[in-house]
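For the sequence shown, this note's numbering assigns the number -2 to the initial residue and increments by one for each residue that follows.
Using N, Cα and C, we set each Cβ at its ideal position, and we do this for glycine too.
All of these numbers come straight from a predicted model, not from anything done at the bench.
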Amino acid sequence: MNALANIPEHQRPEMVRTLETMQMRDSLRMYNNLVEICFADCVRSFRSKSLDSKEETCLSNCAEKYIKLTQRVGYRFAEHQAQSSPQS
-2 MNALANIPEH QRPEMVRTLE TMQMRDSLRM YNNLVEICFA DCVRSFRSKS
48 LDSKEETCLS NCAEKYIKLT QRVGYRFAEH QAQSSPQS
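Printed below as a string of structure tokens:
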């Protein structure tokens, strides 16, 4: 079902802009959360300006897990929404 089909034609451009802004904010929020969580969990030393191999591995694994978790939550939310929406 296309949700924009129910919106009057003259309001669609504004709705699309609003949705795009919301998606951008959500993407930035997700990225910032990923950086904060993985940095706090993985970076242990500030003696060098580059990461050691353990930190690099930890950050890579952390980011992969975070992204997979976020995708799974999104899929489950979409499934839940599809199940709870009225049948047409």
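Query, Result
"C-alpha distance - T67 paired with R9, whole-angstrom precision", "29 Å"
"Cβ contact (3+ pairs, closer than 8 Å) linking the region 61 to 77 and the region 44 to 53", "no"
"Length of the line joining the Cα atoms of S82 and D23", "23 Å"
"Per-residue DSSP class, three states only, for F74", "helix"
"Y63 vs L31 beta-carbon contact at 7 Å", "yes"
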